[in-house]
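Participant:
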Amino acid sequence: MKNSSLLIRTLIIVAVTLIGVYLVFGPRGSVEASDFSWDGIKNNLSENINLGLDLKGGSHLVMRVKTDDYLKTITENNREAALTAAKEAQLPVGDASSVAEINDYQVTLNVTDASKTQEIIEAVKKKIDFSSWTENAGDNAITWSLPVAAQKVVKDQAVTQAERIIESRINAFGVKEPTLQRHGATDSGQILLQMPGVDDPERVKKLIGSESRLELMKVDESVQEFTTKESALQSFGGTVPPNRKVFPVNERDDSAENNNDPNKQPSRWLVLESPAIIDGSEMRDASAFSETGGDSDYKITFSLKPAGAQKFGEWTGKNIGKSMAVVLNDEVKSVASIRGQIFDSGEITGRFSKGTAEDLALTLKSGSLPAKIEYQEERTVGPSLGADSIRAGVTASLAGLIFIVVFMLIYYRGAGVNAIIALVLNLLLTVAGLIVLDSTLTLPGIAGLILGIGMAVDSNVLIFERMREELRAGKSVAKAVEQGFDRAFITIIDTHITTILSSVILYMYGSGPIRGFAVTLILGLLINLFSAVFVSRTIFMWLLERNPNMKKLSI
Amino acid sequence: MESFLYLTLHSPLSTLHSPKLMFEFFTNIKVDWMGYRKPLIALSVLILLAGLISAIGRQAVEGGTDAFNLGVDFQGGTVITAKFKNQKPSEDEIRAALQTVGVNESVIQASTDKTDEVLIKVPLLGNVEGTQTIINDANQAADNTNSQISGNSNNQTPAETQATGQNNQVDAGRALVKRSLDTFGKEAEGTLSLGDDPNAAYKIVGTDAVGPVAGAQLRNQAVIATLLGMIGILLFIAFRYDWTYAAGAVIAVFHDVLVTLAFFSVFQWEVSLTVLAALLTLVGFSVNDSIVIFDRIRENLTLHRNRSLYDLTNESINQTMSRTIITGGLVFLSVLALVLFGGEVLRGFSLALFVGVITGTYSTIAIASPIAIWWQDKLGAAKVKQAEVQRTEKLASASRRSVSRRPIAR
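Protein sequence lines, in the order shown, are assigned to chains A and B. Counting in this note's numbering, the first sequence runs from 309 upward without gaps. Counting in this note's numbering, the second sequence runs from 502 upward without gaps.
Dropping the structure here:
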């Protein structure tokens, strides 16, 4: 009976150990002879363990999509569109107003003839999707307001859209194995981007955040070009009418020139007709190339989606001989007169540098972000700094471990061997557990590993001290082993549950680095119940099996 | 107190063939720990007072430092780790260079374990007077050049670096530090390492930048997680033992956290996220220690029903003293290894644990046990003891293996 239970225990231990060894040191995929060499094992080890960015180097960025801005834009666009729709239907409307503050987004349309209210509502709703807005029709005004729940949905959509766009931008940029995910609370609007191996994220950051709003607009040829913004404004009597825009001309993308004097004002201003003929959302493809081969002579060609091409073709057909401006981020990049009907392609000449042109083409292709993003957190670790951290962490752990091993052997002699087997097994299985969970090992994770080892030592000490007490009380070796484990087990369970409990809470409410710590600690503790209690006891059982009448124990 | 170390050459019961040596510390000690509770508690109060005076005093003094030296994790800001190739500029030189770009408040810290590296910490730039204009300039430049992204590494000028600043503070810190460091020579570009770029004088090998929102978020998260963790522990101990023990353990844990924080305030060690991890670790450690002793008290209560709780507590502490010293000592030495070899990144963590391990062990004896006893006395010792005995019997029988209740001969 006892024999068979010992056998089962031994088999479990051997099986678990082998699985652990395979997970940590074994190859993924087919086994080769080189997998058994020292280098092969080291290679497999580094492939199996997923190191965090703080250890292998890389960049960790937390950004927030300015979702409030997004809602504000939507509200204002809807206001304009509603007014236009009602006016186009020749219905009696006055002016429109909107409120766009945190948690309060409203569009109000003033009605001059109360009897036409329903007609106005119908006309507006034909053009604008107000389905998630609550409608409130009074005698003189119709108000649409966005409920808080719907705001959350819209914000969430904006973040999802931003996430998708950022993903396509970083993929096109060629970042290897990036992780992109939501971060923080559900409505925080935060996105976490991790880029292993990237130690200078400035260009990527710029690329992600760049807006690249492209618009093709008709030049208002009834007025001439202005040299200052003020003179352009004056021609309108101070304020620009809603159907006109005043933008500076900045053909040459020569950053150094601008930077030397950030306050320098552009010297050419154009009046353009608003809204734009088409904008960047109609873009299908864009690429950068240089005609002359010169490095600062790049331009961007683009092609349009079918719907946009149709619209563009119609418009250019009607406006042959007129001037059209290519506007990028509220700056006129080039002005061209239309020689013939153009359908689906065009180009932006701006004498861009190669890098600028390529990044620009890329952002045009990926579409524009729904709202601006801001960076909230950046952590970048160069590969050498990460390697130093590993070395320091491993050195410290090894120093601690070696000391513990020596002490346990001297103090507990034979039983110390049990403790060491338990410790090594704990370490092995915790790392194996991390691999199974596909969790990354970070610096705080190493700290968790060390604490787990500390708890493993504590379990062994508790058991051994208890056994010594029982031996001192005159009990037989078999009895002392049994009672030592039984009594200590209650304490061990209590200490472990308390720590696991607080670690679980840490995991649930903590952020990145704290989580790494919590995961390794929880794993270490769970495994400890196996390695320090089950395995260690099996070793004692095995000793007693060989010598049932053992008179003394090496402890 | 009597001598603690009994290195007994203990020959086991059957002194037959080869009498073996058995190292033991602290086997037969009979210390009246509870009798020392007043001076011990006084010591704790003293340390906590020192911490309080340091925390309040520092804030009250005009132009003084804050109560805690909060890292960028919690108050926002930027830490740059720069590695220099040849001559590392002195701290004063770097500080002067930072002042020329408008950063007046900076902490320059030489790395303790690597001589060619330096840590530069700048606060959130919006909070520093005089730098606001520079940030504005940087933003304006960024706006003016809209999509200026320099992929061409040969002509990067300080002005362009300024332009790479996005419209927020997280980027401004790095950009400004880089601009000031460029006065010492240029940075190794892109993916080139310092050794590969012959013209480079330095390279930024690490950046930690936390904006104001993220900082507040991390701080709140940390406090909430810690408090919830403690509530969890409180409930669990109350469930397994008794409210009086739970209160004792949790007050002891609070004490440990506060004592550790007192050290951090007095010595102005930096409080970062890793320090938080260490505080949570020591919460676990301290509760462990309390539980080991509580467990023994509970067991002794079933064995010796007619002895006073005071005596039993002393005896339980004495009985588990060898475990306390060995575990505490081993953990302490592992932490010492961390302090010595763990490097700059783990420094805060190591220091917090270093203090925490000591107070964690101490507080079980000096804080947790006296509180549990005191409260039980208040409740009426006899009645509570009765209830306690019933409760432990229930627990013992519920435990998976039966436990012998024969008194242990001492």
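Heads up, the beta-carbon is just placed ideally off N, CA and C, and yes, glycines get one too. Quick caveat: nothing in here was measured; it's all calculated off a predicted structure.
Kindly indicate which three-state DSSP category residue 498(A) falls into: helix, strand or coil?
Facilitator: If you number the first sequence from 1, residue 498(A) lands on position 190. Strand, per DSSP.
Participant: When the Cα atoms are used, what is the spatial distance from residue 592(B) to residue 612(B)?
Facilitator: Within the second sequence, the letter at position 91 stands for residue 592(B). Within the second sequence, the letter at position 111 stands for residue 612(B). Computed Cα separation, rounded: 11 Å.
Participant: Taking C-beta to C-beta, are residue 756(A) and residue 832(B) nearer than 8 Å?
Facilitator: Locating residue 756(A) in the first sequence gives position 448, where the first residue counts as 1. Locating residue 832(B) in the second sequence gives position 331, where the first residue counts as 1. No, they are not a contact pair.
Participant: Does the beta carbon of residue 728(A) sit closer than 8 Å to a beta carbon anywhere in chain B?
Facilitator: To locate residue 728(A), count along the first sequence from 1; it is residue 420. Chain B, which has no Cβ nearer than 8 Å to the Cβ of residue 728(A), makes this no.
Participant: Could you give the distance in angstroms between the alpha-carbon of residue 586(B) and the alpha-carbon of residue 609(A)?
Facilitator: The residue given as residue 586(B) occupies position 85 in the second sequence. The residue given as residue 609(A) occupies position 301 in the first sequence. Answer to the nearest angstrom: the Cα atoms are 44 Å apart.
Participant: Where do the N-terminal and C-terminal ends of the alpha helix (DSSP H) with residue 769(A) fall, by residue?
Facilitator: Counting from 1 along the first sequence, the entry for residue 769(A) is found at position 461. Per DSSP, the continuous alpha helix (DSSP H) segment holding residue 769(A) begins and ends at 751–780.
Participant: Based on the DSSP secondary-structure assignment, which residues constitute the bridge partners of residue 504(A)?
Facilitator: Your numbering for residue 504(A) matches position 196 in the first sequence. 366(A).
Participant: Kindly indicate if chain B contains any beta-carbon less than 8 Å away from that of residue 499(A).
Facilitator: Here the question's residue 499(A) lines up with position 191 in the first sequence. No - not a single Cβ of chain B is within 8 Å of the one on residue 499(A).
Participant: List, from N- to C-terminal side, the beta strand (DSSP E) runs of 3 residues or more that fit wholly inside the region 612–670 of chain A.
Facilitator: 631–636, 639–645 and 653–660
Participant: When the cut-off is 8 Å and only beta carbons count, does residue 789(B) lie next to chain A?
Facilitator: Within the second sequence, the letter at position 288 stands for residue 789(B). Chain A, which has a Cβ nearer than 8 Å to the Cβ of residue 789(B), makes this yes.
Participant: As a quick exercise: from 405(A), 401(A) and 413(A), pick the residue whose alpha carbon is nearest that of residue 377(A).
Facilitator: For the purposes of this step, residue 377(A) is identified with residue 69 of the first sequence, where counting begins at 1. Cα-wise, what sits closest to residue 377(A) is 413(A).
Participant: Going along chain A, which residues have a C-beta under 7 Å from residue 843(B)?
Facilitator: Along the second sequence, one-based indexing puts residue 843(B) at 342. For residue 843(B), the chain A residues whose C-beta falls within less than 7 Å of its own C-beta are 700, 701 and 704, listed in chain order.
Participant: Among the candidates 776(A), 758(A), 697(A) and 709(A), whose CA atom is the shortest distance from the CA of residue 722(A)?
Facilitator: As a position in the first sequence, residue 722(A) is number 414, starting the count at 1. The shortest Cα separation from residue 722(A) among 776(A), 758(A), 697(A) and 709(A) belongs to 776(A).
Participant: Got a sec: which bits of the region 704–729 of chain B sit with their beta carbon under 8 Å from any beta carbon on chain A, in order along the chain?
Facilitator: 704, 705, 706, 707, 708, 709, 710, 711, 712, 714, 715, 718, 719, 722, 723, 725, 726 and 729
Participant: Which of the three DSSP states is assigned to residue 841(A) in this structure?
Facilitator: Here residue 841(A) corresponds to residue number 533 of the first sequence, with the count starting at 1. If DSSP states are grouped into helix, strand and coil, residue 841(A) belongs with the helices.
Participant: Between the C-alpha atoms of residue 814(A) and residue 827(A), what's the straight-line distance to the nearest angstrom?
Facilitator: Within the first sequence, the letter at position 506 stands for residue 814(A). Within the first sequence, the letter at position 519 stands for residue 827(A). Taking the straight line from one Cα to the other gives about 9 Å.
Participant: Measure the Cβ-Cβ separation of residue 611(A) and residue 676(A) and say whether it is below 8 Å.
Facilitator: Start at 1 with the first residue of the first sequence, and residue 611(A) comes out as number 303. Start at 1 with the first residue of the first sequence, and residue 676(A) comes out as number 368. It is not a contact, given that the beta carbons lie outside the stated cut-off.
Participant: Could you spell out where the beta strand (DSSP E) holding residue 445(A) opens and where it closes?
Facilitator: To locate residue 445(A), count along the first sequence from 1; it is residue 137. First-last of the beta strand (DSSP E) with residue 445(A): 442–445.
Participant: Do residue 742(B) and residue 799(B) have their C-beta atoms closer together than 8 Å?
Facilitator: Translated into positions along the second sequence, residue 742(B) becomes position 241. Translated into positions along the second sequence, residue 799(B) becomes position 298. Taking 8 Å as the Cβ cut-off, residue 742(B) and residue 799(B) qualify as a contacting pair.
Participant: Please report how far the alpha carbon of residue 752(B) lies from the alpha carbon of residue 488(A), in whole angstroms.
Facilitator: Numbered from 1 along the second sequence, position 251 holds the residue referred to as residue 752(B). Numbered from 1 along the first sequence, position 180 holds the residue referred to as residue 488(A). Residue 752(B) and residue 488(A) have their C-alpha atoms roughly 42 Å apart.
Participant: Give the secondary structure of residue 543(A) by DSSP, where H, G and I count as helix, E and B as strand, and everything else as coil.
Facilitator: Here residue 543(A) refers to the residue found at position 235 of the first sequence. Three-state DSSP puts residue 543(A) in a helix.
Participant: For residue 817(A), would you say it is in contact with chain B, using Cβ-to-Cβ distances shorter than 8 Å as the test?
Facilitator: Taking the first residue of the first sequence as position 1, residue 817(A) is located at position 509. Closer than 8 Å to the CB of residue 817(A) there is at least one CB belonging to chain B.
Participant: Taking a Cβ distance cut-off of 7 Å, strictly less, list which residues of the region 681–695 of chain A are near chain B, in chain order.
Facilitator: 682, 683, 684, 685, 686, 687, 688, 689, 690, 692 and 693
Participant: If we cut at 8 Å on Cβ distances, does residue 821(A) have a partner in chain B?
Facilitator: Taking the first residue of the first sequence as 1, we reach residue 821(A) at position 513. Closer than 8 Å: yes.
Participant: Please confirm if the region 699–706 of chain A is in contact with the region 805–823 of chain B, defined as three or more CB-CB distances below 8 Å between the two stretches.
Facilitator: no
Participant: Comparing C-alpha positions only, which one of 694(A), 331(A) and 323(A) sits nearest to residue 746(A)?
Facilitator: Position 438 of the first sequence, counting from 1, holds the residue named residue 746(A). Of the candidates 694(A), 331(A) and 323(A), the one whose C-alpha sits nearest the C-alpha of residue 746(A) is 331(A).
Participant: Quick check: is the beta carbon of residue 743(B) nearer than 8 Å to any beta carbon in chain A?
Facilitator: In the second sequence, the residue the question calls residue 743(B) occupies position 242. Closer than 8 Å: no.
Participant: Cutting at 7 Å between CB atoms, please list the residues of its own chain near residue 757(B), excluding the five before and the five after it.
Facilitator: Translated into positions along the second sequence, residue 757(B) becomes position 256. Counting only Cβ-Cβ distances below 7 Å, and skipping sequence neighbours, we find 783, 787, 857, 860, 861 and 864.
Participant: Assuming residue 407(A) and residue 417(A) are in contact, meaning their beta carbons sit under 8 Å apart, how far apart are those beta carbons, in whole angstroms?
Facilitator: Residue 407(A) sits at position 99 when you count from the first residue of the first sequence. Residue 417(A) sits at position 109 when you count from the first residue of the first sequence. Actually they are not in contact, since the Cβ atoms of residue 407(A) and residue 417(A) sit about 13 Å apart, beyond 8 Å.
Participant: Report the residue from 622(A), 863(A) and 851(A) whose alpha carbon sits nearest the alpha carbon of residue 311(A).
Facilitator: Within the first sequence, the letter at position 3 stands for residue 311(A). For residue 311(A), the nearest C-alpha among the options comes from 851(A).
Participant: Give the residues from the region 789–815 of chain A that approach chain B closer than 7 Å (Cβ to any Cβ), ordered along the chain.
Facilitator: 791, 794, 795, 798, 799, 802, 803, 805, 806, 807, 809, 810, 813 and 814
Participant: Taking three-plus beta-carbon pairs below 8 Å as touching, is the region 720–737 of chain B in contact with the region 685–702 of chain A?
Facilitator: no
Participant: In angstroms with no decimal places, state the Cα-to-Cα distance between residue 767(B) and residue 483(A).
Facilitator: By 1-based counting over the second sequence, the position of residue 767(B) is 266. By 1-based counting over the first sequence, the position of residue 483(A) is 175. The straight-line gap from Cα to Cα measures roughly 45 Å.
Participant: What residues from the region 334–351 of chain A come within 9 Å of chain B, judged by C-beta to C-beta, listed N to C?
Facilitator: none
Participant: Specify the secondary structure class of residue 595(A) as computed by DSSP and reduced to three states.
Facilitator: The residue given as residue 595(A) occupies position 287 in the first sequence. If DSSP states are grouped into helix, strand and coil, residue 595(A) belongs with the strands.
Participant: What does the Cβ neighbour count give for residue 721(B), buried or exposed, with the cut at 16 atoms within 10 Å?
Facilitator: Here residue 721(B) refers to the residue found at position 220 of the second sequence. That one is exposed.
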